[in-house]
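Trainee:
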Amino acid sequence: TSASPLLAVRGLNAWYGEGHALHGVDLEVFAGETVTLLGRNGVGKTTTLRAIMGLIRRRTGKVVFDGADLMRLPLHRTAHQGIGFVPEERGIFSTLTVDENLVLPPVVAPGGMSVEEIFDLFPNLKERRNSPGTRLSGGEQQMLAIARMLRTGVKMLLLDEPTEGLAPVIVQRIGELLATLKQRGMTILLVEQNFRFASRVADRFYLMEHGKVVAGFPTGELADRMTLLHEILGV
Ligand code: ATP
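Sequential numbering from 2 applies to the sequence shown in UniProt numbering.
(1) Quick check on N131: buried or exposed, where buried means 16 or more other Cβ atoms within 10 Å of its Cβ?
(2) Specify the secondary structure class of L74 as computed by DSSP and reduced to three states.
(3) So if I measure from each beta-carbon to every heavy atom of the ligand ATP and keep distances below 6 Å, which residues remain?
(4) What are the boundary residues of the beta strand (DSSP E) that E29 is part of?
(5) Can you tell me whether G43 is buried or exposed, with buried defined as 16 or more other CB within 10 angstroms of its CB?
(6) Could you give the first and the last residue of the continuous beta strand (DSSP E) run that contains D161?
(7) Examine the Cβ distances between the stretch 40-57 and the stretch 110-129 and report whether three or more of them are shorter than 8 Å.
(8) How close, in whole Å, do the beta carbons of A15 and A52 come, if the pair is a contact with beta carbons under 8 Å?
(9) Between which two residues does the alpha helix (DSSP H) harbouring R136 extend?
(10) Would you report the Cα separation of F31 and I171, rounded to the nearest angstrom?
(11) Rounded to a whole number of angstroms, what is the C-alpha to C-alpha distance between G20 and T48?
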C-alpha cells in the first residue's frame with residue numbers, strides 16, 4: 002500500500018560515551034501493527050527503544066513518528082506526540098498507590114483514557130487501587146506501567162520485555178491485554194525474549210544483530226525462518 006508508516010526509523014546510530022551501540026537501525030511500524038524486535042542479549046534492542054524516544058543523547062539518523070521528526074524534539078515534546086515507552090524496570094512510583102500512579106501523568110491528550118476506563122480494561126488494578134506500587138506483583142506492576150501510558154492517550158507503545166520475570170499465567174494475561182489494545186487500534190513495538198509469547202502477539206518480526214536490523218519478516222513466515230532464528234537466537 003502507499004500508506005506511510007506511523008513510525009519510521011532510518012540509519013539510527015547511538016552511542017554510550019565512546020561505545021557505539023547502534024550501527025544504522027532501519028525499521029518501520031504501520032498503524033495498528035504489533036512488531037517484535039528479537040535478538041540476543043546486548044545486540045541493542047533496548048537501546049533502539051531508548052534512542053527512538055530520545056533518551057540517549059548521542060544519536061544520529063532519522064526517526065519520524067506520525068509526521069513529526071523526533072530527532073529534533075526535546076524529550077518532553079516527544080511524549081506529547083503520542084508515543085510512550087514502558088521500560089523494563091517499569092517506571093511506576095513504588096511508594097504511591099495504583100490510583101495515585103494513574104492520576105499522576107500530567108499529559109492527558111485527546112484519546113487518553115479516564116481512570117474508570119482504565120479500570121474496565123484492568124479489573125485487577127481496580128481491586129488493588131489503594132495498594133502502593135511496592136505491594137503489587139510483577140504482573141500488576143507491568144499492567145500499571147502500561148495503564149499509565151494509556152491515560153496519556155498514546156497512539157503507540159514501545160514495550161521493553163513486558164513479560165520478563167512473570168509467571169506463565171500472567172504472561173498469558175499480558176498477551177490478552179496486548180490483543181485487546183490491538184483491537185482498539187494501538188500500535189506496538191515490542192522487545193521480547195519470550196519467543197512463544199512474541200509469536201502469539203506479533204504481526205511481524207525484526208531480528209537484530211550487532212546494533213543493526215538484519216532481517217524482517219511477517220509472523221506467517223516464522224516456520225520458514227527457523228534455521229536463521231536457531232543460528233542467531235538459539236531458539
Ligand atoms: P538486553 O536484552 O540484554 O538488554 P539489548 O539487546 O537490549 O540486550 P542493549 O541493552 O540495548 O541490548 O545494549 C546494547 C549495547 O550497549 C551493549 O553492548 C551494552 O553493553 C551497551 N550498553 C547498554 N546500556 C549501556 C549504558 N547505560 N552505558 C554503556 N553501555 C551500555
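For each residue, glycine too, the CB sits at the ideal point set by N, CA and C.
This one's a predicted model, so the numbers in the text were calculated from it and none came from an experiment.
Mentor: Answer, in terms of the structure:
(1) Per the 10 Å Cβ criterion, exposed.
(2) The DSSP-derived three-state label of L74 is coil.
(3) Output, sorted by chain position: Y17, G20, A22, G40, N42, G43, V44, G45, K46, T47, T48.
(4) For E29, the uninterrupted beta strand (DSSP E) segment begins and ends at 20-30.
(5) With fewer than 16 other Cβ atoms from the protein chains shown falling within 10 Å of its own Cβ, G43 counts as exposed.
(6) Its beta strand (DSSP E) spans residues 157-161.
(7) Here the stretch 40-57 makes no contact with the stretch 110-129; the two share fewer than three CB pairs at distances below 8 Å.
(8) Between A52 and A15 the Cβ distance is about 4 Å, and since that is below 8 Å, they are a contact.
(9) No alpha helix (DSSP H) holds R136; DSSP gives it neither H nor E.
(10) Straight-line Cα distance between these residues: approximately 28 Å.
(11) Approximately 12 Å, taken between the alpha carbons.
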